[in-house]
Amino acid sequence: MAVSDSAGRTISGLTRNDFEVFDAGAPQKITYFEHESDPLDILLLLDVSGSMHRSLLELASTARAALRPLGSGDRVAVMLFARTAALRQPFTSDFDAVQREIRTAVERTDDLGTGTAINAAIVAAAAQIGREGSKARRAILIVTDNLSLNYRLSDEQVLRELYAVDATLNAILIGKQRRPVPPKPGAYVNTDFTPSDVFKLAEQTGGEALESRKAGETFPLIIERIRSRYRMQYDAPSATPGAFRPIKVQLAPAARNHHATAVIRARAGYYAPE
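Heads up, the sequence shown stops at 273 in numbering that gives the first Met the number 0, and the numbers go up one at a time, no gaps.
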């Protein structure tokens, strides 16, 4: 969960008493609360389609500086994707190795096919995080131009996978980034093919999507924001197995008075265990 002011600056120093959380409308007692001290696992999910070449080079040039705020207990992995996805650098605290992998990313794409399959890549990234078994905070940072059609893989399916591994999705959107426009009433829609909506996936998991013309400038900013997120837990109430449970997080009255323009980015909910 992240809290920022109206200008996008991170608000730090809040405590559990500054928050209220509701599960399906019912207030919940926060049983665990941390800010920055928990280890962090970030999976960098890099779009290596042809249009992304320059942006990846910019990303590599700033990678070491961008990762500097991360601590010794934090880890980063690198996964590349086009039509298919492949893990190139397993989770590591060797950030120099991460930088080297990003630098060579554009040279190692011949086995990933042509095209861009964003939703499938995010599902692959979530699966990789789930296999780690780590108790660290989990985040995926995708760098893409958001130009993709997903075949038989809806946003709702992707969100289920992200919720299941408790990972936020964050994005740097390059070039002709766009948010899909809903079809007009009565218009024909091929449900097998859906346009990518990284904006929606980020919002629903509590992350954020930043539009950027220079990936190298945005990379340090979003890494710092991911690092400074809050983490809270509560005991989930009884619920129908498989049912979606909406979550709402807000500032408590005293904190809201002090931070009147605060914006909270938190996951939209979860699916009750089956």
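Where a beta carbon is used, it is the ideal one built from N, C-alpha and C, also for glycine.
Could you tell me which residues DSSP pairs with residue i in its beta bridges?
i: L146; result: Per DSSP, none; premise fails for L146.
i: E19; result: Q249
i: Q27; result: V20
i: Y162; result: Its beta-bridge partners do not exist; DSSP assigns none.
i: L140; result: L43 and N169
i: F32; result: M231
i: T193; result: N149
Return the chain-ordered list of same chain residues with a C-beta closer than 7 Å to the C-beta of residue i, the five sequence neighbours on each side being excluded.
i: K199; result: D154
i: A267; result: Q203, P245 and I246
i: V157; result: N118, I121, V122 and L200
i: T260; result: D4 and S5
i: I10; result: V2, S3, D4, H258 and A261
i: S133; result: D40
Buried or exposed for residue i, going by 16 or more other Cβ atoms inside 10 Å?
i: D4; result: exposed
i: D292; result: Residue 292 lies beyond the residue range present for the chain, which begins at 0 and ends at 273; the question has no answer from this structure.
i: D95; result: exposed
i: E100; result: buried
i: D93; result: exposed
i: R67; result: exposed
i: N16; result: exposed
i: A124; result: buried
i: S211; result: buried
i: R214; result: Residue identity check: residue 214 is Ala in the sequence provided, not Arg. The residue in question, A214, is buried, as its Cβ has 16 or more Cβ neighbours within 10 Å.
i: E106; result: exposed
i: N149; result: buried
i: T193; result: buried
Residues in the same chain with beta-carbon distance under 8 Å from residue i, minus the five sequence neighbours each way, listed in chain order, please.
i: A85; result: M78, L79, D110 and L111
Distance, Cα to Cα, residue i vs residue j?
i: E35; j: A254; result: 20 Å
i: A166; j: E57; result: 26 Å
i: E223; j: L168; result: 15 Å
i: L220; j: A65; result: 8 Å
i: I141; j: R226; result: 16 Å
i: V20; j: V164; result: 20 Å
i: L161; j: A126; result: 9 Å
i: E131; j: D73; result: 13 Å
Which residues in the same chain as residue i place their Cβ atom closer than 6 Å to its Cβ, once the five residues preceding and following it in sequence are excluded?
i: R136; result: D37, L39 and R230
i: R102; result: A59
i: G205; result: M0, T167, R264, A265 and R266
i: V75; result: I41 and V97
Discussion item. Restricting to runs no shorter than 4 residues, where is the alpha helix (DSSP H) found entirely within the region 206 to 234?
Written reply: 214 to 226
Worksheet item: Of all the alpha helix (DSSP H) runs that stay within the bounds of the region 40 to 85, which reach a length of 4 or more residues?
Response: 52 to 65
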